[in-house]
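If you're matching positions, the sequence shown starts at 9 in my numbering and goes up one per residue.
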Amino acid sequence: VPAAIGAQLGKPTVRPLVIVGDGAFQMTGTELSTTIRYRLNPIVLILNNQGYGTIRPFIEGPFNDIENWNYTHVPELFGTGRAFAARTEGEFDIAMKAALAETQHFVLIEAELDKSDMSPALTQLAARVSEKV
């Protein structure tokens, strides 16, 4: 989220699309207050896999699990913005179209993923690191 602020302040004609995990959002999401102050309008896609998904493949433990927030209520916290939950590709398409149409405020889209859902690149990286450890 902080990088989107810098990007949009630096180039106001560009609307940032932030792709962030739920763990990282819990560390940086309150910076949405800055987007409100400066009237910025990023689209924030939260990949909710219930924890630190980039760490899980390297080391398993309860520290990878985080408290699940109700991300669709974040705009209520700030008194502005919109939020959508996407559990299917169809819901994601609808949410993204609505997000692109809403240009006055930030928009959150929570994509609910399986806890073990990983990109092929992360799967390969984890396998290579595991061989070395």
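We put the beta carbon where it would ideally sit given N, CA and C, even for glycine.
(request) Compute the Euclidean distance between the alpha carbons of residue 1 and residue 40, then round it to the nearest angstrom. (result) Only positions 9 to 141 of the chain appear in this structure, which leaves residue 1 out of reach.
(message) Which residue wins for smallest C-alpha separation from residue 37, given the options 46, 26 and 126?
(response) Start at 1 with the first residue of the sequence shown, and residue 37 comes out as number 29. Closest option to residue 37, Cα to Cα, is 26.
(message) So, does the region 63-73 touch the region 105-113, judging by three or more C-beta pairs under 8 Å?
(response) no
(request) Mind checking who residue 90 pairs with in its DSSP beta bridge? (result) Translated into positions along the sequence shown, residue 90 becomes position 82. Partner(s): 115.
(message) If you reduce the DSSP assignment to three classes, tell me which class residue 98 lands in.
(response) Residue mapping note: residue 98 aligns to position 90 of the sequence shown, counting from 1. The answer is helix: DSSP assigns residue 98 an H, G or I state.
(request) Please determine if the region 120-130 and the region 77-91 are in contact, where contact requires at least 3 C-beta pairs separated by less than 8 Å. (result) no
(message) So, under 8 Å CB-CB, residue 59 and residue 31 are touching, yes? Tell me the CB distance rounded to an integer number of Å.
(response) For this step, residue 59 is matched to residue 51 along the sequence shown. For this step, residue 31 is matched to residue 23 along the sequence shown. Right, the Cβ-Cβ distance comes to about 6 Å (below 8 Å), so this counts as a contact.
(request) Per DSSP, which residues does residue 74 bridge with? Please list them. (result) Locating residue 74 in the sequence shown gives position 66, counting from the first residue. Residue 74 pairs with nothing; no bridge assigned.
(request) Quick one: grab the DSSP three-state call for residue 82. (result) For this step, residue 82 is matched to residue 74 along the sequence shown. Residue 82: helix per DSSP, three-state reduction.
(message) Please classify residue 90 as buried or exposed, where buried requires at least 16 other C-beta atoms within 10 Å of its C-beta.
(response) For the purposes of this step, residue 90 is taken as residue 82 along the sequence shown, with counting starting at 1. The residue is buried, with at least 16 neighbouring Cβ atoms inside 10 Å.
(request) Identify whether residue 55 lies in helix, strand or coil by the three-state DSSP scheme. (result) Position 47 of the sequence shown, counted from the first residue, corresponds to residue 55. DSSP places residue 55 in strand when its eight states are reduced to three.
(request) Work out the CA separation of residue 133 and residue 126 for me, nearest whole Å. (result) As a first step, residue 126 is located in the sequence shown; it is residue number 118 there, counting from the start. As a first step, residue 133 is located in the sequence shown; it is residue number 125 there, counting from the start. Computed Cα separation, rounded: 11 Å.
(message) Within 10 Å of its beta-carbon, does residue 129 have 16 or more other beta-carbons around it, so buried, or fewer, so exposed?
(response) As a working mapping, residue 129 is identified with position 121 in the sequence shown. Answer is exposed; the Cβ neighbour count stays below 16.
(request) May I ask you to list the residues that DSSP assigns as paired with residue 224? (result) Absent from the structure is residue 224, since the part of the chain shown begins at 9 and ends at 141.
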